[in-house]
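Undergrad: In our numbering, the protein residues as written are 743 to 1000.
From the three backbone atoms N, C-alpha and C, an ideal C-beta is built for every residue, glycine too.
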(Lines of atoms letter the chains of each structure in order from A and count residues from 1; the text may use other names and numbers.)
(Lines give C-alpha, C1' and ligand atoms only; values in the text may rest on other atoms or scores of the structure.)
Protein backbone atom coordinates (compact mmCIF):
# COMPACT_ATOMS: atom_id res chain seq x y z
CA UNK A 1 0.00 0.00 0.00
CA UNK A 2 1.47 3.37 -1.02
CA UNK A 3 1.69 6.26 1.43
CA UNK A 4 -1.10 8.69 0.70
CA UNK A 5 -3.85 10.88 2.14
CA UNK A 6 -7.39 10.56 0.77
CA UNK A 7 -9.93 13.33 1.33
CA UNK A 8 -13.36 12.06 2.39
CA UNK A 9 -14.77 15.55 2.87
CA UNK A 10 -13.79 19.15 3.47
CA UNK A 11 -16.95 21.09 4.40
CA UNK A 12 -17.47 22.77 7.76
CA UNK A 13 -20.76 23.03 9.63
CA UNK A 14 -22.81 20.94 7.20
CA UNK A 15 -22.09 19.47 3.76
CA UNK A 16 -22.84 21.12 0.46
CA UNK A 17 -24.69 19.01 -2.11
CA UNK A 18 -22.44 16.21 -3.37
CA UNK A 19 -19.83 16.90 -0.71
CA UNK A 20 -19.10 15.78 2.84
CA UNK A 21 -17.82 17.32 6.07
CA UNK A 22 -14.39 16.84 7.61
CA UNK A 23 -12.77 13.47 7.04
CA UNK A 24 -9.46 12.04 5.82
CA UNK A 25 -7.75 8.67 5.50
CA UNK A 26 -4.00 8.42 5.99
CA UNK A 27 -2.31 5.26 4.66
CA UNK A 28 1.31 4.41 5.40
CA UNK A 29 3.21 1.11 5.54
CA UNK A 30 -0.01 -0.86 5.22
CA UNK A 31 -1.62 0.97 8.16
CA UNK A 32 -4.82 2.97 7.71
CA UNK A 33 -5.87 5.70 10.14
CA UNK A 34 -9.02 7.80 9.74
CA UNK A 35 -8.92 11.48 10.76
CA UNK A 36 -12.42 12.71 11.62
CA UNK A 37 -15.72 11.34 10.30
CA UNK A 38 -18.17 14.19 9.75
CA UNK A 39 -21.49 14.21 7.91
CA UNK A 40 -21.38 12.21 4.66
CA UNK A 41 -17.91 10.72 5.10
CA UNK A 42 -18.88 7.13 5.92
CA UNK A 43 -20.17 6.13 2.46
CA UNK A 44 -16.93 7.42 0.95
CA UNK A 45 -14.88 5.54 3.55
CA UNK A 46 -16.74 2.27 2.99
CA UNK A 47 -16.36 2.70 -0.77
CA UNK A 48 -12.64 3.20 -0.35
CA UNK A 49 -12.40 0.11 1.85
CA UNK A 50 -14.59 -1.98 -0.43
CA UNK A 51 -16.31 -3.33 2.69
CA UNK A 52 -19.82 -2.60 4.03
CA UNK A 53 -18.60 -3.50 7.51
CA UNK A 54 -15.66 -1.13 7.71
CA UNK A 55 -12.94 -3.75 7.53
CA UNK A 56 -9.52 -2.25 6.98
CA UNK A 57 -9.65 0.63 9.48
CA UNK A 58 -6.74 0.26 11.90
CA UNK A 59 -7.36 3.38 14.03
CA UNK A 60 -9.57 6.47 14.17
CA UNK A 61 -8.63 9.93 15.42
CA UNK A 62 -11.37 12.48 16.08
CA UNK A 63 -10.37 16.05 16.87
CA UNK A 64 -13.53 17.08 18.77
CA UNK A 65 -17.18 16.33 19.42
CA UNK A 66 -18.88 18.64 16.92
CA UNK A 67 -21.01 16.50 14.59
CA UNK A 68 -19.40 17.81 11.40
CA UNK A 69 -16.25 16.05 12.63
CA UNK A 70 -17.57 12.86 14.27
CA UNK A 71 -21.23 12.04 13.55
CA UNK A 72 -20.43 9.29 11.02
CA UNK A 73 -18.45 7.54 13.73
CA UNK A 74 -21.89 6.29 14.78
CA UNK A 75 -22.42 4.83 11.32
CA UNK A 76 -19.07 3.06 11.55
CA UNK A 77 -20.13 1.71 14.94
CA UNK A 78 -23.26 0.18 13.42
CA UNK A 79 -21.38 -1.19 10.42
CA UNK A 80 -18.92 -2.93 12.72
CA UNK A 81 -21.37 -4.19 15.30
CA UNK A 82 -23.77 -5.73 12.79
CA UNK A 83 -21.20 -7.03 10.29
CA UNK A 84 -18.39 -8.08 12.66
CA UNK A 85 -19.76 -8.27 16.22
CA UNK A 86 -16.80 -10.29 17.45
CA UNK A 87 -14.07 -8.17 15.84
CA UNK A 88 -11.43 -6.51 18.02
CA UNK A 89 -12.22 -2.96 19.09
CA UNK A 90 -10.83 -0.19 16.88
CA UNK A 91 -8.49 2.20 18.72
CA UNK A 92 -10.21 5.60 18.91
CA UNK A 93 -8.22 8.67 19.93
CA UNK A 94 -10.53 11.55 20.81
CA UNK A 95 -11.23 14.26 23.40
CA UNK A 96 -13.92 13.99 26.06
CA UNK A 97 -17.46 14.03 24.75
CA UNK A 98 -16.96 12.06 21.54
CA UNK A 99 -17.71 8.59 22.96
CA UNK A 100 -20.62 9.99 24.96
CA UNK A 101 -22.15 11.54 21.86
CA UNK A 102 -21.90 8.27 19.92
CA UNK A 103 -23.31 6.30 22.85
CA UNK A 104 -26.24 8.72 23.09
CA UNK A 105 -27.35 7.70 19.59
CA UNK A 106 -27.53 4.00 20.47
CA UNK A 107 -30.34 1.93 21.96
CA UNK A 108 -29.83 0.07 25.20
CA UNK A 109 -30.07 -3.33 23.51
CA UNK A 110 -27.05 -2.70 21.28
CA UNK A 111 -23.43 -3.70 21.72
CA UNK A 112 -21.73 -1.22 24.11
CA UNK A 113 -19.69 1.43 22.34
CA UNK A 114 -16.63 0.21 24.23
CA UNK A 115 -16.89 -3.14 22.45
CA UNK A 116 -16.45 -1.45 19.06
CA UNK A 117 -14.10 1.41 19.96
CA UNK A 118 -11.20 1.31 22.41
CA UNK A 119 -11.04 4.94 23.57
CA UNK A 120 -7.82 6.86 24.30
CA UNK A 121 -8.30 10.43 25.52
CA UNK A 122 -6.79 13.40 23.65
CA UNK A 123 -4.80 15.54 24.16
CA UNK A 124 -2.33 13.13 25.73
CA UNK A 125 1.38 12.38 25.94
CA UNK A 126 2.89 11.02 22.70
CA UNK A 127 1.70 7.54 21.78
CA UNK A 128 2.51 4.93 19.16
CA UNK A 129 -0.26 4.36 16.62
CA UNK A 130 0.83 1.75 14.10
CA UNK A 131 3.93 3.16 12.36
CA UNK A 132 3.21 6.66 13.68
CA UNK A 133 4.15 8.69 16.70
CA UNK A 134 0.97 10.57 17.62
CA UNK A 135 1.35 13.95 19.30
CA UNK A 136 -1.62 16.07 20.26
CA UNK A 137 -2.30 19.49 21.73
CA UNK A 138 -5.30 21.50 22.80
CA UNK A 139 -6.22 24.27 20.36
CA UNK A 140 -8.77 27.08 20.86
CA UNK A 141 -12.31 26.19 19.82
CA UNK A 142 -15.82 26.24 21.29
CA UNK A 143 -15.33 22.73 22.70
CA UNK A 144 -12.08 20.84 23.49
CA UNK A 145 -10.30 20.33 20.17
CA UNK A 146 -7.09 18.34 19.77
CA UNK A 147 -4.72 19.23 16.98
CA UNK A 148 -2.80 16.10 15.98
CA UNK A 149 0.63 15.40 14.50
CA UNK A 150 1.50 11.99 13.04
CA UNK A 151 5.16 11.25 12.40
CA UNK A 152 6.81 8.18 10.85
CA UNK A 153 10.24 7.71 9.29
CA UNK A 154 10.48 10.36 6.58
CA UNK A 155 6.87 11.55 6.94
CA UNK A 156 4.92 14.04 9.06
CA UNK A 157 1.24 14.90 8.64
CA UNK A 158 -0.39 17.45 10.96
CA UNK A 159 -4.07 18.38 11.29
CA UNK A 160 -5.61 21.25 13.25
CA UNK A 161 -9.22 20.14 13.43
CA UNK A 162 -11.08 23.41 14.12
CA UNK A 163 -9.06 26.18 15.69
CA UNK A 164 -8.67 29.86 16.23
CA UNK A 165 -5.29 31.59 15.87
CA UNK A 166 -2.74 30.27 18.34
CA UNK A 167 1.08 30.15 18.63
CA UNK A 168 0.82 26.36 19.11
CA UNK A 169 -0.06 26.00 15.42
CA UNK A 170 3.60 26.59 14.57
CA UNK A 171 4.63 23.69 16.78
CA UNK A 172 1.87 21.40 15.55
CA UNK A 173 2.80 21.81 11.88
CA UNK A 174 6.56 22.27 12.24
CA UNK A 175 8.23 21.13 8.99
CA UNK A 176 5.25 18.90 8.19
CA UNK A 177 5.20 17.28 4.78
CA UNK A 178 1.47 18.03 4.73
CA UNK A 179 -0.33 20.45 7.06
CA UNK A 180 -4.13 20.15 7.04
CA UNK A 181 -5.50 23.45 8.35
CA UNK A 182 -8.92 24.88 9.14
CA UNK A 183 -9.83 27.55 6.56
CA UNK A 184 -13.47 28.22 7.45
CA UNK A 185 -13.25 31.85 6.25
CA UNK A 186 -16.48 33.14 7.72
CA UNK A 187 -15.40 36.49 6.25
CA UNK A 188 -16.68 35.16 2.91
CA UNK A 189 -20.17 34.77 4.45
CA UNK A 190 -21.25 38.06 6.07
CA UNK A 191 -24.45 36.52 7.45
CA UNK A 192 -22.46 33.84 9.28
CA UNK A 193 -19.52 35.97 10.40
CA UNK A 194 -21.31 37.31 13.48
CA UNK A 195 -22.84 34.01 14.62
CA UNK A 196 -20.53 33.73 17.62
CA UNK A 197 -18.91 36.56 19.53
CA UNK A 198 -15.69 36.60 21.49
CA UNK A 199 -12.20 35.59 20.37
CA UNK A 200 -11.97 33.89 16.95
CA UNK A 201 -12.38 30.13 17.24
CA UNK A 202 -12.00 29.38 13.52
CA UNK A 203 -9.37 30.38 10.96
CA UNK A 204 -9.61 32.21 7.68
CA UNK A 205 -7.76 30.98 4.60
CA UNK A 206 -5.20 33.74 5.14
CA UNK A 207 -4.81 32.59 8.72
CA UNK A 208 -4.27 29.04 7.51
CA UNK A 209 -1.61 30.24 5.10
CA UNK A 210 0.10 32.21 7.84
CA UNK A 211 0.05 29.16 10.16
CA UNK A 212 1.64 26.97 7.49
CA UNK A 213 4.26 29.63 6.72
CA UNK A 214 5.20 30.07 10.38
CA UNK A 215 5.42 26.29 10.81
CA UNK A 216 7.69 25.89 7.79
CA UNK A 217 5.40 23.20 6.34
CA UNK A 218 6.08 21.81 2.87
CA UNK A 219 2.46 21.64 1.65
CA UNK A 220 -0.80 23.13 2.90
CA UNK A 221 -4.20 21.43 2.58
CA UNK A 222 -7.08 23.83 3.28
CA UNK A 223 -10.18 22.28 4.83
CA UNK A 224 -13.44 23.02 6.71
CA UNK A 225 -14.84 25.34 4.03
CA UNK A 226 -18.06 27.03 5.08
CA UNK A 227 -20.79 25.96 2.62
CA UNK A 228 -21.03 28.45 -0.23
CA UNK A 229 -17.46 29.67 0.07
CA UNK A 230 -15.34 30.12 -3.03
CA UNK A 231 -12.55 27.56 -2.66
CA UNK A 232 -10.41 29.12 -5.38
CA UNK A 233 -10.61 32.44 -3.56
CA UNK A 234 -9.59 30.71 -0.33
CA UNK A 235 -6.66 29.08 -2.13
CA UNK A 236 -5.51 32.45 -3.46
CA UNK A 237 -5.84 34.10 -0.05
CA UNK A 238 -3.80 31.37 1.63
CA UNK A 239 -1.14 31.73 -1.07
CA UNK A 240 -0.69 35.38 -0.05
CA UNK A 241 0.87 34.07 3.18
CA UNK A 242 2.28 30.66 2.20
CA UNK A 243 4.54 30.22 -0.82
CA UNK A 244 4.45 26.41 -0.97
CA UNK A 245 1.78 24.30 -2.72
CA UNK A 246 -1.74 25.11 -1.49
CA UNK A 247 -4.34 22.36 -1.99
CA UNK A 248 -8.06 22.31 -1.21
CA UNK A 249 -9.81 19.41 0.51
CA UNK A 250 -12.04 18.33 -2.34
CA UNK A 251 -13.75 14.96 -1.96
CA UNK A 252 -11.82 11.97 -3.35
CA UNK A 253 -8.61 13.96 -3.74
CA UNK A 254 -5.62 11.63 -3.32
CA UNK A 255 -2.35 13.19 -2.15
CA UNK A 256 0.77 11.02 -2.54
CA UNK A 257 3.12 11.14 0.43
CA UNK A 258 6.73 10.14 1.04
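Got a sec? Which residues, its chain only, sit under 6 Å from residue 757 by beta carbon, not counting five neighbours each side?
TA: If we look at residue 757 and ignore the five residues flanking it on each side, its Cβ neighbours are 763, 781 and 782.
Undergrad: I need the straight-line Cα distance from residue 804 to residue 836, nearest angstrom please.
TA: Each residue's alpha carbon lies about 5 Å from the other.
Undergrad: Under 8 Å: do the region 764-780 and the region 972-986 share three or more Cβ pairs, one atom per stretch?
TA: In short, these stretches do not touch, since the Cβ pair count stays below three.
Undergrad: Along the chain, where does the alpha helix (DSSP H) containing residue 825 start, and where does it finish?
TA: Segment 814-825, the alpha helix (DSSP H) holding residue 825.
Undergrad: Within this structure, are the beta carbons of residue 904 and residue 864 separated by less than 7 Å?
TA: No. Outside cutoff.
Undergrad: Please report the straight-line C-alpha distance between residue 949 and residue 806, rounded to a whole angstrom.
TA: Cα to Cα, the separation comes out at about 20 Å.
Undergrad: When DSSP labels each residue in this structure, what does residue 783 get in the three-state scheme?
TA: In this structure, residue 783 counts as helix in the three-state DSSP scheme.
Undergrad: Rounded to whole angstroms, how far is the Cβ of residue 993 from the Cβ of residue 761, which I believe are closer than 8 Å?
TA: Indeed, because the Cβ distance is near 6 Å, the residues count as touching under 8 Å.
Undergrad: Give the single residue among 809, 822 and 811 whose Cα lies nearest to the Cα of residue 800.
TA: Here the closest residue by C-alpha is 822.
Undergrad: Residues in its own chain within less than 7 Å of residue 875 by CB, not counting five upstream and five downstream?
TA: If we look at residue 875 and ignore the five residues flanking it on each side, its Cβ neighbours are 868 and 893.
Undergrad: Taking residue 809 as the reference, which of 841, 857 and 789 has the closest Cα?
TA: When each option's Cα is compared against that of residue 809, the closest is 841.
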